[in-house]
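Q:
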Amino acid sequence: MPSLATKKSPSSTTKSTRSAAPAQVRIIGGQWKRTPLPVITLEGLRPTPDRVRETVFNWLTHLFDGHWQRVHCLDLFAGSGALGFEAASRGAAHVSLVESDARACHQMQSNKEKLKAEQITVLRGDALLQAARLLKMQQQFQLIFVDPPYQSPVYASAMQACASLLSADGFIYLELPA
Numbered sequence: 033m034p035s036l037a038t039k040k041s042p043s044s045t046t047k048s049t050r051s052a053a054p055a056q057v058r059i060i061g062g063q064w065k066r067t068p069l070p071v072i073t074l075e076g077l078r079p080t081p082d083r084v085r086e087t088v089f090n091w092l093t094h095l096f097d098g099h100w101q102r103v104h105c106l107d108l109f110a111g112s113g114a115l116g117f118e119a120a121s122r123g124a125a126h127v128s129l130v131e132s133d134a135r136a137c138h139q140m141q142s143n144k145e146k147l148k149a150e151q152i153t154v155l156r157g158d159a160l161l162q163a164a165r166l167l168k169m170q171q172q173f174q175l176i177f178v179d180p181p182y183q184s185p186v187y188a189s190a191m192q193a194c195a196s197l198l199s200a201d202g203f204i205y206l207e208l209p210a
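Under this note's numbering, the very last position in the sequence shown is 210; numbers go up by exactly one each time.
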């Protein structure tokens, strides 16, 4: 049965004081361990912090018995792509990064090229429309990251879309506002 993991993030009052993303994120583990990746400055962009990613990926590595090579990953509302790049670094077979902001997509594409990460695909567009397109293509994912903007009312719709894309042995990681 698919599993759902959620992480509550700091309160919205804390979030409002953090208006810009850090200048870079660092890959925590895998083949690109300690590699810094530039992140554009975008209002509301909040890459998952290093310590949180480390904890999440230690947990996921245990759940996948270290067999990342069989994992197809979808990172909806990818933003910086930190979660998806981390999955690719650990050996995921394929990672799809979905983001609506053109500048963020351009930065993720540049990071993909810097890493020579052929297993990563950057998809620009509305996350829910891209999810519907992937469903029509009969795509299935063992790991789906869902981290929409906190003020966005799409949580329920995103989870509904993910339910159809998730393989029977898959996991969803959902970030929610506190």
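Cβ coordinates follow ideal geometry from the N, Cα and C atoms, glycine included. Every value quoted in this text rests on a predicted model; they were computed, and no experiment measured them.
Assuming A110 and L129 are in contact, meaning their beta carbons sit under 8 Å apart, how far apart are those beta carbons, in whole angstroms?
A: 4 Å
Q: Going along the chain, which residues of its own chain have a beta-carbon closer than 6 Å to the beta-carbon of L92, five neighbours each way excluded?
A: none
Q: Going by the CB atoms, is the gap between F177 and G123 shorter than 8 Å?
A: The Cβ atoms of G123 and F177 do not sit closer than 8 Å to each other.
Q: Our contact map puts A217 next to S132 with C-beta atoms below 8 Å; I'd like the distance itself, whole angstroms only.
A: Nothing about residue 217 can be reported from this structure: the residues present for the chain run from 33 to 210 only.
Q: Would L181 and Y187 be called neighbours here (beta carbons separated by less than 8 Å)?
A: The residue you asked about is not Leu; residue 181 is Pro in the sequence shown. Cβ distance not < 8 Å, so P181 and Y187 don't count as in contact.
Q: Would you list, in sequence order, the uninterrupted beta strand (DSSP E) runs of no fewer than 3 residues that lie entirely inside the stretch 131–181?
A: 152–156, 173–178
Q: Is the stretch 143–157 touching the stretch 55–70, taking contact as three or more C-beta pairs under 8 Å?
A: yes
Q: Would you kindly work out how many angstroms separate the C-alpha atoms of A190 and Q63, rounded to a whole number?
A: 31 Å
Q: For D97, which three-state DSSP category applies?
A: coil
Q: Ignore the nearest five residues each way along the sequence and tell me which others in R156's own chain have a CB closer than 6 Å to its CB.
A: If we look at R156 and ignore the five residues flanking it on each side, its Cβ neighbours are C137.
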